[in-house]
Amino acid sequence: ADVCPPGAPRCPQPAEEKAQLLQNSEYQERMVESTFLYLTLDLPTAPLYKDEKEQLIIPQVPLFSILAKFNGSTEKEYKTYKENFLKRFQLTRLPPYLIFCIKRFTKNNFFV
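Each residue of the sequence shown is one higher than the one before, counting from 3 in the working numbering.
This is the structure in structure tokens:
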């Protein structure tokens with residue numbers, strides 16, 4: 003069931019809307035290949051509240067789940083002061099040595 007105002011033309015469907023947006027050069031997908039020696043891996047946020055035993059538990063995260071960022075289908079949103087955009091990462095070839103940089107901390111603008 004469409005949720006359109008009465009008397010309005012038919013609401014655009016998501017597939018139709020996406021196809022129209024992809025016609026615009028601003029929304030077209032771009033692919034950039036770059037060489038690398040290290041991968042930045044994002045950890046999920048730590049829990050804010052204590053568990054049943056009144057302890058703050060730092061959860062263990064499997065390496066495969068934080069490497070999922072580079073599977074080619076997972077999208078990550080990046081925000082700048084001008085725009086928002088989605089990025090997908092895919093590993094096509096590995097270097098002889100690979101360094102994992104695990105991002106443990108996040109920027110906090112609370113005290114600005």
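For glycine and all other residues, C-beta sits at the position ideal for the given N, C-alpha and C.
What is the C-beta distance between Lys105 and Phe91, in whole angstroms, given that I count them as a contact (C-beta under 8 angstroms)?
-> Going by Cβ atoms, the distance from Lys105 to Phe91 rounds to 14 angstroms, so no, they are not a contact pair.
If Leu100 sits next to Leu41, beta carbons under 8 angstroms apart, how far is it from one beta carbon to the other, in whole angstroms?
-> 7 angstroms
How big is the Cα-Cα spacing for Leu93 and Leu45?
-> 19 angstroms
Please state whether DSSP places Gly23 in a helix, a strand or coil.
-> Residue identity differs from the one stated: residue 23 is Leu in this sequence, not Gly. Here Leu23 sits in helix by DSSP.
Can you tell me whether DSSP reads Leu39 as helix, strand or coil?
-> coil
Which stretch, first to last residue, makes up the beta strand (DSSP E) that contains Leu88?
-> 86 to 92
When you compare only the Cα positions, how much space is there between Tyr83 and Gln25?
-> 25 angstroms
CA-to-CA distance, Ser36 to Asn86, given in whole angstroms = 21 angstroms
In the DSSP assignment, find the alpha helix (DSSP H) that holds Phe102 and state where it starts and stops.
-> Premise fails: Phe102 lies in the beta strand (DSSP E), 101 to 105, not in any alpha helix (DSSP H).
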